[in-house]
Amino acid sequence: MRNAFAREITALAEKNEKIVLLSGDIGNKLFDDYKKKVRGRFFNCGVAEANMMSVAAGMAMCGLRPVTYTIASFSTTRCLEQIRIDIAYHNLPVIIVGVGGGLSYAENGASHQSCEDIAFLSALPNMKIICPGDAMEATLALRKALEQDSPVYLRLGKKGEPAVHQAPPDFAIGKAIIVSKGSEVCLLGVGNMLPTAAAAAKALKEHGITAEVVSLHTAKPLDEELLRAAFSRFSIVATIEEHSIMGGVGSAVAQWLAQAPDQKARLLEFATPDRFFHTAGRQQYARDCFGLTADNICGGILRALKPGKN
Amino acid sequence: MNDSGRPRTSRMTNNTGELESIARRIRRAAVRMSHDADVPHLGSSLSCVDILTALYWATARIDPAKPDAPGRDRIILSKGHAVSSLYAALSYRGFFPETTLASFGRPGACLAEHPYPGCVPGIEAATGSLGHGLSLGLGMALAGKTLGLDYRTFVVLSDGECNEGSVWEAAMMAPAQKLDNLTAIIDYNRWQATGRSEEVLALAPLAEKWKAFGWRTQEVDGHDMAALLRALRAPSGGDEKPSVIVAKTVKGKGVSFMEDNNNWHYRVPNEEELKNALKELE
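If you're matching them up, the sequences are chains C and L in order. Each number in the numbering used here comes from the position in the first sequence (counting from 1) with 47 added on. Each number in the numbering used here comes from the position in the second sequence (counting from 1) with 1149 added on.
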């Protein structure tokens, strides 16, 4: 996703002179092409994320379109107050890009993992949160984010994620994308868990269960129309995200559901637990530990469909 | 807010006598606003009045009739708790009617105890949490360079505010970006909320710290109008450094029983104190 982002921001900034890219001392080689083609509009803000967010706000106040870029945890929790006061309170069109959302940097420990960022940022008024499901969605999400007049948090994976879409889908902020149709179960894949949601649907098919796969790329605002349709059509709706069970998309859907009358479906949440990941290991190992695998999701859904039989 | 015999305060002037008269008028307003609205931070408001006067009446390229002009100079009061003085300055300079000042702190009024975004014309940023203004100003200065606009950006900080790490993040970035269009003014009244600012954290030597960070550094008496005007002149010499003015001030300046008395960080004047303060500020 990050390579797709770098390509797209370069292409967009070549056309739009208001775009400025601020980096928290990462992405050196990644943005070589940008720096070559978009002279004078790349600012390495150093290892100083709090300052970077306020600088972005100041630039936006003067009519520029700042895009900040660093690792998701440093883009959010490190500088939450600057995002809250300088960007969200002023309702400025700053795009905050967090690379390596969730467990992408599992091997670097909780300092580099970002399983609470959606919780923190979704509490901020004016903030929109987009979690693209693959590289193609990342490209489209950036384009749409730059059309907003308000802050957007763009939560990217890292690199090499499987492509889910073979052709560019219709992409609108707050409008989920139906990736494949199903009739019994609805899997709401969030961000870099979308490929896993698709894999879980395949696993369910082997058990004779047809699952609809949806890219719920916008964590805020939720696509309530999609949720209303899903909870009335299916018997199970599952959220699948690389984020804590506390305050993530599953929580937001549960909050919506609690106030939505007469819904048919049961909600299942697949997320990281309310504890830190205290061990070495890369992303896939961390996902295995937390049950964020296609097999485990499939098993959980089968148990919910046929209690006592699996 | 009747204030008979006041000078014409809506136009620019380099006359120090006039500027001092304007500053007294702002101080009178700040004392009244604190009393009437039962709002603290009066000592902090009074210490930065001369700095604000020098900026708004004698330095900044601003037109109150065009508060959003892209080429205007930007002034940020990063020590947002002193906003009563800023509201009075903006009002007297012509950004909004003077009658509005009487609504300070009232429920539903646009003049809150810390400014919110877009509350009144002339407020460039909502401040209140310390340590944000310099970075915001840095962003504005960087935008000016990027857009090819020649405006200057001024940020007024408190000395206690320099406790915040983000101030020093900005202090390192501004010289790296050669932002000679950025000027920080530190209202060095030597007090913060609960103690001497040189004792709470190791603030001194403050000017030397900024110099070491690569800033063009000046130290002035923050109540000497002529010295402030000189220090605020656009830098020449082409060294491309951002500027910092360490303005030595007195908390509670202008009211004898408030001067350098940190009780007035939180205290609000009663009727008798209001009367005595206004008398001293005539």
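We treat Cβ as the ideally placed atom computed from N, Cα and C, and that holds for glycine.
Problem - residue 1299 of chain L in three-state terms, based on DSSP - result: coil
Problem - Near-chain C residues of the stretch 1266 to 1295 of chain L - C-beta to any C-beta below 9 Å - result: 1266, 1267, 1273, 1274, 1275, 1276, 1277, 1278, 1280, 1281, 1282, 1283, 1284, 1285, 1286, 1287, 1288, 1289, 1290, 1291, 1292, 1293, 1294, 1295
Exercise for the section: Determine, using beta carbons only, whether residue 1175 of chain L and residue 1206 of chain L come nearer to each other than 8 Å. Expected result: no
Problem - Residue from L/1181, L/1164, L/1282, L/1173 whose Cα sits closest to the Cα of residue 1421 of chain L - result: L/1181
Problem - Burial state of residue 1219 of chain L, where buried means 16 or more other Cβ atoms lie within 10 Å - result: exposed
Exercise for the section: Helix, strand or coil for residue 256 of chain C, going by three-state DSSP, please let me know. Expected result: coil
Handout entry: Collapsed DSSP secondary structure at residue 165 of chain C in the structure displayed
Key = helix
Exercise for the section: Go through its chain and collect everything with a Cβ distance to residue 1319 of chain L's Cβ below 7 Å, but skip five positions before and after it. Expected result: The residues 1283, 1284, 1287, in chain order, have a CB closer than 7 Å to that of residue 1319 of chain L in the same chain once the five nearest residues on each side in sequence are set aside.
Handout entry: Burial state of residue 163 of chain C (16 or more Cβ within 10 Å)
Key = Label assigned to residue 163 of chain C: buried.
Problem - Which residues DSSP lists as bridging residue 190 of chain C, in chain order - result: Per DSSP, none; premise fails for residue 190 of chain C.
Handout entry: 8 Å Cβ shell around residue 154 of chain C - same chain, five flanking residues per side excluded
Key = 327, 328, 329, 330
Problem - Closer than 8 Å to chain C by CB, residue 1315 of chain L - result: yes
Handout entry: Beta-carbon proximity list for residue 1417 of chain L, same chain, < 8 Å, skipping 5 on both sides
Key = 1183, 1184, 1187, 1188, 1189, 1191
Exercise for the section: Closer than 6 Å by C-beta to residue 80 of chain C: which residues in its own chain qualify, once you throw out the five before and the five after it? Chain order, please. Expected result: 57
Exercise for the section: Tell me, please, which residues DSSP counts as bridged to residue 1392 of chain L. Expected result: Within the DSSP bridge table, the entry for residue 1392 of chain L names L/1332, L/1365 as partners.
Problem - Three-way DSSP call (helix, strand, coil) for residue 90 of chain C in this model - result: strand
Exercise for the section: Look at residue 287 of chain C and residue 352 of chain C and say whether their C-beta atoms are less than 8 Å apart. Expected result: no
Practice task
Buried or exposed for residue 1289 of chain L, please, with buried defined as at least 16 other CB atoms from any protein chain shown within 10 angstroms of its CB.
Solution key: buried
Handout entry: Environment of residue 1273 of chain L [buried if 16+ CB atoms lie within 10 Å]
Key = buried
Problem - Residue closest to residue 55 of chain C, alpha-carbon to alpha-carbon, out of C/237, C/234, C/190, C/343 - result: C/190
Exercise for the section: Tell me where the alpha helix (DSSP H) around residue 62 of chain C begins and ends. Expected result: In the DSSP assignment, residue 62 of chain C falls within the unbroken alpha helix (DSSP H) covering 49 to 62.
Handout entry: Where residue 1188 of chain L sits in the DSSP three-state scheme
Key = coil
Practice task
Indicate, with yes or no, if the ligand ATP has a heavy atom lying under 7 Å from the CB of residue 1349 of chain L.
Solution key: As for the ligand ATP, it is missing from this structure, which has no ligand bound.
Exercise for the section: Using a threshold of 8 Å, state whether the C-beta atoms of residue 134 of chain C and residue 114 of chain C are closer than that. Expected result: no
Practice task
Compute the Euclidean distance between the alpha carbons of residue 186 of chain C and residue 1260 of chain L, then round it to the nearest angstrom.
Solution key: One C-alpha to the other measures close to 43 Å.
Handout entry: is_contact[residue 86 of chain C, chain L] using C-beta, thresh 8 Å
Key = no
Handout entry: Partners in chain C for residue 1322 of chain L, counting only beta-carbon separations shorter than 9 Å
Key = 90, 92, 93, 95, 98, 99, 102
Problem - Close beta carbons around residue 1372 of chain L, own chain, < 8 Å, minus the five adjacent residues each side - result: 1199, 1398, 1399, 1402
Exercise for the section: Measure the CB-CB distance between residue 1224 of chain L and residue 1303 of chain L and report whether it falls below 8 Å. Expected result: yes
Practice task
State buried or exposed for residue 108 of chain C, treating a residue as buried only when at least 16 other CB atoms are found within 10 Å of its CB.
Solution key: buried
Handout entry: Residues in the stretch 1215 to 1226 of chain L having any Cβ partner in chain C nearer than 9 Å
Key = Listed by position along the chain: 1219, 1223, 1225.
Practice task
Say whether chain L places a C-beta atom closer than 8 Å to the C-beta of residue 357 of chain C.
Solution key: Residue placement at residue 357 of chain C cannot be trusted, given a pLDDT of 49 that sits under 50; the coordinates are not used to answer.
Practice task
Would you mind sorting residue 1300 of chain L into buried or exposed? The rule is 16 or more other CB atoms within 10 Å of its CB.
Solution key: Answer is buried; the Cβ neighbour count reaches 16.
Exercise for the section: For residue 219 of chain C, write down the residues that DSSP places opposite it in a beta bridge. Expected result: C/222, per the DSSP bridge assignment.
Practice task
Taking only beta-carbon positions, decide if residue 1169 of chain L is within less than 8 Å of chain C.
Solution key: Judged by the 8 Å Cβ criterion, residue 1169 of chain L is not in contact with chain C.
Exercise for the section: Could you tell me the boundaries of the alpha helix (DSSP H) in which residue 1242 of chain L lies? Expected result: It spans 1232 to 1242 - the alpha helix (DSSP H) in which residue 1242 of chain L sits, taken as one unbroken run.
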